[in-house]
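What follows is one structure encoded as structure tokens, with my remarks underneath.
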Amino acid sequence: DGGITQSPKYLFRKEGQNVTLSCEQNLNHDAMYWYRQDPGQGLRLIYYSQIVNDFQKGDIAEGYSVSREKKESFPLTVTSAQKNPTAFYLCASSIKINSGSQAKNIQYFGAGTRLSVL
Amino acid sequence: DQQVKQNSPSLSVQEGRISILNCDYTNSMFDYFLWYKKYPAEGPTFLISISSIKDKNEDGRFTVFLNKSAKHLSLHIVPSQPGDSAVYFCAASGSGTSYGKLTFGQGTILTVHP
Numbered sequence: 124d125g126g127i128t129q130s131p132k133y134l135f136r137k138e139g140q141n142v143t144l145s146c147e148q149n150l151n152h153d154a155m156y157w158y159r160q161d162p163g164q165g166l167r168l169i170y171y172s173q174i175v176n177d178f179q180k181g182d183i184a185e186g187y188s189v190s191r192e193k194k195e196s197f198p199l200t201v202t203s204a205q206k207n208p209t210a211f212y213l214c215a216s217s218i219k220i221n222s223g224s225q226a227k228n229i230q231y232f233g234a235g236t237r238l239s240v241l
Numbered sequence: 087d088q089q090v091k092q093n094s095p096s097l098s099v100q101e102g103r104i105s106i107l108n109c110d111y112t113n114s115m116f117d118y119f120l121w122y123k124k125y126p127a128e129g130p131t132f133l134i135s136i137s138s139i140k141d142k143n144e145d146g147r148f149t150v151f152l153n154k155s156a157k158h159l160s161l162h163i164v165p166s167q168p169g170d171s172a173v174y175f176c177a178a179s180g181s182g183t184s185y186g187k188l189t190f191g192q193g194t195i196l197t198v199h200p
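Sequences listed follow chains S and X, in order. Just so we're aligned, residue 124 is where the first sequence starts under the working numbering, counting upward by one. Just so we're aligned, residue 87 is where the second sequence starts under the working numbering, counting upward by one.
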């Protein structure tokens, strides 16, 4: 069954603790993304990776870190420097579809991880 | 600076009627637009997309319209069904922006009443 798996579904972080959210995909997609959703807001991009061993900061990268050692995996670490980590975190992946001169990017999402602070 | 805006936080529609969700954007470099549907505590699901070379794309009950001069797109759902009740996000990407980066609106909560 192809898809994107995020784990855990719920996560609690203690003060000063780093926590890591897992994201695995078996869709053979090159690109992977991490978003954060806060209540009443849209999705904001934290980090993205277009290829293995390469990643770029998104709009709100401060307090987060990522790695991309394998095509299938893109874990996100929420560090103690992230002062407001409580949110719903979504991982996505995509394959670039060329259609004439325009490239399409349809991103497919996992089910999300809800992170709360103890 | 919100480059993609959904100005209606919520919309309520009777079953069988048309639902129209609106989205405005400011970045003229955006050339590909998507709509996603999201249920609570789940990830967004891709619904339909449109590229800037078109002004309409249809898929079953869902139609997206793009007005480039007004920098406006809309999603029409006809007929609306109770199962359509969810949060709808519009998103945009552009060849001038970093590849693969989607910019999302804030979302509109659609409620379809039986």
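Ideal Cβ placement from N, Cα and C applies to all residues, glycine included.
Proximal residues to residue i (C-beta, below 6 Å), its chain only, five neighbours per side dropped
i, result
"F173 of chain X", "In the sequence as displayed, the identity of residue 173 of chain X is Val instead of Phe. Same-chain partners within the cutoff: K124, G193 and I195."
"L280 of chain S", "This structure cannot settle anything about residue 280 of chain S, because the visible part of chain S is limited to 124 through 241."
"F178 of chain S", "Y170, S172, V189 and R191"
Secondary structure of residue i, DSSP reduced to three states
i, result
"G169 of chain X", "helix"
"N228 of chain S", "strand"
"R167 of chain S", "strand"
"S94 of chain X", "coil"
"F197 of chain S", "coil"
"R237 of chain S", "strand"
"A184 of chain S", "coil"
"K219 of chain S", "strand"
"S203 of chain S", "coil"
"Q89 of chain X", "coil"
Assigned exposure category for residue i - 16 Cβ within 10 Å defines buried
i, result
"L241 of chain S", "exposed"
"F135 of chain S", "exposed"
"V164 of chain X", "exposed"
"S98 of chain X", "exposed"
"G181 of chain S", "buried"
"T155 of chain X", "The question names Thr, but residue 155 of chain X is Ser in the sequence shown. The residue in question, S155 of chain X, is exposed, as its Cβ has fewer than 16 Cβ neighbours within 10 Å."
"Y156 of chain S", "buried"
"K132 of chain S", "exposed"
"P95 of chain X", "exposed"
"T131 of chain X", "exposed"
CB contact check: residue i to chain B, cutoff 7 Å
i, result
"E144 of chain X", "Among the chains of the structure shown, chain B does not appear; the protein chains present are S and X."
Cut-off 8 Å between Cβ atoms - residues of its own chain near residue i, not counting five sequence neighbours on either side
i, result
"K193 of chain S", "V175"
"K206 of chain S", "G186"
"S114 of chain X", "K157"
"I104 of chain X", "H162, I163, V164, P165 and S166"
"K219 of chain S", "D153, A154, A226, K227 and N228"
Same chain, Cβ closer than 7 Å to residue i, neighbours up to 5 away in sequence not counted
i, result
"D201 of chain X", "Absent from the model: residue 201 of chain X. The displayed extent of chain X is 87 to 200, so no value can be given."
"Y111 of chain X", "Q89, V90, K157 and A178"
Which residues DSSP lists as bridging residue i, in chain order
i, result
"I195 of chain X", "X:S96 and X:V173"
"R136 of chain S", "S:V240"
"L213 of chain S", "S:Y158"
"V189 of chain S", "S:L199"
Notebook entry, point to check: What residue ranges within the stretch 99-157 of chain X form continuous beta strand (DSSP E) runs of no fewer than 3 residues, ordered along the chain?
Noted result: The beta strand (DSSP E) runs lying completely inside the stretch 99-157 of chain X and spanning 3 residues or more are 105-111, 116-124, 131-137, 142-145 and 148-153, given in chain order.
Note to self: Threshold first: 4 residues or longer. Then list the alpha helix (DSSP H) segments lying entirely within the stretch 138-166 of chain S, N to C.
What the structure shows: none
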